[in-house]
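Comments concern the structure below.
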Amino acid sequence: MKTAMKLAVSTLALCAMSTLALAQELRVTVWTGSEAHLKMLNGIAAGFIAKHPGVTVKFETVPVADYTQKLTFQVAGGNAPDVAWMMEDAAPAFENAGLLMDIGPTLKATEGYNFDDFSQPAMALWQKDGTVYGVPFSTSPFLIYYNKDMFDKAGLEDPNQLAAKGEWNMQKFQEVAKKITEANPGKWGFEFKDGEGYASRMTHALLPPVRAYGGELWANGQCGLDKPEAVAAVKQLHDMVFKDKSIVPPGEQGDYFSGNSAMTINQISRASKMPEAGFKWGIAPLPSGPAGEAPVIGQAALTVFESGKNKDLAAQLVAEMTSKDNVAIMAQFFPPARKSVLESDAFVNSNKLIPPEQMKSVAAAIVNGRVHPSHERVPQIFAAMSPRVDALWRADANVEEAVKGVCAAIQPLL
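Residues in the sequence shown are numbered from 3 upward in steps of one, following the numbering used here.
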């Protein structure tokens, strides 16, 4: 009797241990809180869960302004997520510190995956000497979002109409932003990305016009903000903020998505917010400049941490999320790096909110654009930039001296 009871207890214990072994939760950190994005991601995860009984997938939203810092703290504290979205500017720091798993073998061993379908330029930041540190799920160009109603009220052609005529340039951008501000008292012509152009998105505020003028933030270990092309671009922005008063100034909230600014700059994923905007809208290419058209690409990838508790399973999840079928699903919000998807008719028709002719400009920008500059010391570079950039955004600032100060602060880190 006792032997039978012991056997029963042992059997129950083994069953419990087996259940615990099977019950694995994969944590995936993301910076989106969009209901549409999360619904899509959970739908993709459901397919993975169906193939892996006992596994659950949890998407954990971390605000974009704090994302890289909090991710760093989690890894340093021994609490790394299983899978993480990673921004292009932070990639070198995590790669060079040896924190990311080589997921190449898992991807290439996955049946039907076709790793070669990924554009090599898109993969450049995420692989080195045969090691694959991440897979881009978003290779998204920066675009102008505009409030069609505000343009109509001001009697102005919108950015798409101007682009079709070859007139959408930095001079016209400044001109229409000023006129719209004058036609809409209490509102602005333009707002920087996510309203964070003076803080966490300071490089995203500066980069598009600087490249349109033929400059760069930094390249080949050298700061470029103090070069004549960049200085001219930053002076134009400074004039728009403090002379024209057409760009939302420091300390104010323009909130394009609530109708308080006529234009902003963002990526295609933000289209998910537009159904609730309450106004007619559209997307257009970035304005060209003296250097011609200069599309800017923002990139984000799925990565797995070497210290993760379930890293092999996590790598399989990345393979599932970046399969051709799932990349096609994600393309409605996140422009793909898979050539077969990007070149398909399905891509230009993938976003129900954006007309196909406007999606074609998205595809063109991906092909012709350059990625936001990155560096292994990006966190330190941003920390050094911040007070110097703050000094730039003052009405009485000497722009040329201010950008020289930025370069002096970050050059030792570059």
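Quick reminder that beta carbons are idealized off the backbone N, C-alpha and C, glycines included.
For Gly45, which residues of its own chain have a beta-carbon under 8 Å away from its beta-carbon, when the five flanking residues on both sides are left out? Along the sequence shown, read from residue 1 onward, the residue named residue 45 stands at position 43. Here the set comprises Ile331.
Sufficient close CB pairs (3 or more, under 8 Å) joining the region 363 to 375 to the region 188 to 197: no
How should Gln122 be labelled, buried or exposed, when 16 other C-beta atoms within 10 angstroms of its C-beta is the threshold for buried? As a working note, residue 122 is residue 120 in the sequence shown. By the 10 Å Cβ count, Gln122 comes out exposed.
Does DSSP put Lys229 in a helix, a strand or coil? For the purposes of this step, residue 229 is identified with residue 227 of the sequence shown, where counting begins at 1. It is coil, neither helix nor strand.
Select from Phe175, Lys180 and Gly223 the residue whose C-alpha is nearest the C-alpha of Pro210. Position 208 of the sequence shown holds residue 210. Nearest of Phe175, Lys180 and Gly223 to Pro210, Cα basis: Phe175.
Less than 9 Å between the beta carbons of Thr141 and Ile383, yes or no? Stepping through the sequence shown from its first residue, residue 141 is reached at position 139. Stepping through the sequence shown from its first residue, residue 383 is reached at position 381. No, Cβ-Cβ distance for Thr141 and Ile383 is not below 9 Å.
Is it the case that the Cβ atoms of Ser342 and Lys326 are separated by a distance below 9 Å? Within the sequence shown, the letter at position 340 stands for residue 342. Within the sequence shown, the letter at position 324 stands for residue 326. Yes, the Cβ-Cβ distance between Ser342 and Lys326 is below 9 Å.
Helix, strand or coil at Arg203 [DSSP, three-state]: As a first step, residue 203 must be located in the sequence shown, where it is residue number 201. Note: Arg203 maps to coil in three-state DSSP.
Determine, using beta-carbon pairs with one atom in the region 130 to 146 and one in the region 288 to 304, whether at least three such pairs fall under 8 Å. yes
With DSSP collapsed to three states, give me the class of Leu208. Counted from its first residue, the sequence shown places residue 208 at position 206. Here Leu208 sits in helix by DSSP.
Out of Lys110, Ala111 and Ala92, which one is the CA nearest neighbour of Leu102? Residue 102 sits at position 100 when you count from the first residue of the sequence shown. Nearest C-alpha to Leu102 among Lys110, Ala111 and Ala92: Ala92.
Alpha carbon to alpha carbon, what distance is there between Met265 and Met152? Here residue 152 corresponds to residue number 150 of the sequence shown, with the count starting at 1. Here residue 265 corresponds to residue number 263 of the sequence shown, with the count starting at 1. Rounded to whole angstroms, Met152 to Met265 spans 9 Å at the Cα level.
Exposed or buried, Ile412, counting other C-beta atoms within 10 Å across all chains shown (16 or more means buried)? The residue you call residue 412 lines up with position 410 of the sequence shown. Buried.
May I have the straight-line CA-CA distance separating Gly188 from Ala397, to the nearest angstrom? Here residue 188 refers to the residue found at position 186 when the sequence shown is read from its first residue. Here residue 397 refers to the residue found at position 395 when the sequence shown is read from its first residue. Approximately 19 Å, taken between the alpha carbons.
Backbone CA spacing between His206 and Gly199 [nearest angstrom]: Within the sequence shown, numbered from 1, the residue matching residue 206 stands at position 204. Within the sequence shown, numbered from 1, the residue matching residue 199 stands at position 197. Annotation: His206 to Gly199 spans about 7 Å, alpha carbon to alpha carbon.
Could you check how far apart the C-beta atoms of Gly226 and Ala232 are, in whole angstroms? I think they sit under 8 Å. The residue given as residue 226 occupies position 224 in the sequence shown. The residue given as residue 232 occupies position 230 in the sequence shown. Yes, they are in contact, since the Cβ atoms of Gly226 and Ala232 sit about 6 Å apart, within 8 Å.
Limits of the beta strand (DSSP E) - the one that Pro358 falls within: Stepping through the sequence shown from its first residue, residue 358 is reached at position 356. Where Pro358 is concerned, there is no enclosing beta strand (DSSP E), although the alpha helix (DSSP H) it sits in stretches over Pro358 to Asn370.
For the beta strand (DSSP E) containing Ser263, list its first residue and its last residue. By 1-based counting over the sequence shown, the position of residue 263 is 261. Here the beta strand (DSSP E) through Ser263 covers Ser263 to Asn268.
Whether Gly407 touches Arg390 by CB criterion (9 Å): Residue mapping note: residue 407 aligns to position 405 of the sequence shown, counting from 1. Residue mapping note: residue 390 aligns to position 388 of the sequence shown, counting from 1. Result yes, Cβ atoms of Gly407 and Arg390 sit closer than 9 Å.
According to DSSP, residues forming a beta bridge with Glu62: The count along the sequence shown starts at 1 and reaches residue 62 at position 60. Thr31.
Closest Cα partner of Ala124 within the set Glu184, Gly114, Pro138 and Lys130: Position 122 of the sequence shown, counted from the start, is the residue given in the question as residue 124. Out of Glu184, Gly114, Pro138 and Lys130, Pro138 has the C-alpha closest to the C-alpha of Ala124.
Would you say the region 273 to 293 touches the region 70 to 85, given that touching needs at least three Cβ pairs under 8 Å? no
In the DSSP assignment, what are the bridge partners of Val236? Reading the sequence shown from its first residue, position 234 is the one you call residue 236. Its beta-bridge partners do not exist; DSSP assigns none.
Range of the contiguous alpha helix (DSSP H) that encloses Pro107: Taking the first residue of the sequence shown as position 1, residue 107 is located at position 105. Bounds of the alpha helix (DSSP H) holding Pro107 are Gly106 to Ala111.
Span separating the alpha-carbon of Met387 from that of Pro94: Taking the first residue of the sequence shown as 1, we reach residue 387 at position 385. Taking the first residue of the sequence shown as 1, we reach residue 94 at position 92. If you take the alpha carbons of Met387 and Pro94, they lie about 18 Å apart.
Whose C-alpha, out of Ala316, Lys354 and Ile356, is nearest the C-alpha of Glu86? By one-based count along the sequence shown, residue 86 stands at place 84. Here residue 86 is Ala; the residue named in the question, Glu, does not match the sequence. Of Ala316, Lys354 and Ile356, the residue nearest in Cα terms is Ala316.
Using a threshold of 9 Å, state whether the C-beta atoms of Met242 and Lys150 are closer than that. Looking up residue 242 in the sequence shown gives position 240. Looking up residue 150 in the sequence shown gives position 148. Against a cut-off of 9 Å, the Cβ pair of Lys150 and Met242 comes out as no contact.
Identify every run of the beta strand (DSSP E) within the region 144 to 190, keeping only runs that are complete inside it and at least 3 residues long; order them along the chain. 145 to 149
Whole angstroms is fine: what's the gap from Thr112's alpha carbon to Asp104's? Reading the sequence shown from its first residue, position 110 is the one you call residue 112. Reading the sequence shown from its first residue, position 102 is the one you call residue 104. Going by the C-alpha atoms only, they are around 14 Å apart.
Tell me the DSSP bridge mates of Leu40? Here residue 40 refers to the residue found at position 38 when the sequence shown is read from its first residue. According to DSSP, Leu40 bridges with nothing at all.
Assign Asp84 to one of two classes, buried (16 or more other C-beta atoms within 10 Å of its C-beta) or exposed (fewer than that). For the purposes of this step, residue 84 is taken as residue 82 along the sequence shown, with counting starting at 1. By the neighbour-count rule (16 or more Cβ atoms within 10 Å), Asp84 is buried.
Whole angstroms is fine: what's the gap from Glu159's alpha carbon to Tyr147's? Your numbering for residue 159 matches position 157 in the sequence shown. Your numbering for residue 147 matches position 145 in the sequence shown. Rounded to the nearest angstrom, the two C-alpha atoms are 14 Å apart.
Going along the chain, which residues of its own chain have a beta-carbon closer than 8 Å to the beta-carbon of Ser1, five neighbours each way excluded? Lying outside 3 to 416, the shown extent of the chain, residue 1 is not represented and no answer is given.
Can you list, in chain order, the stretches of the alpha helix (DSSP H) that have 4 or more residues and sit fully within the region 374 to 398? 380 to 394
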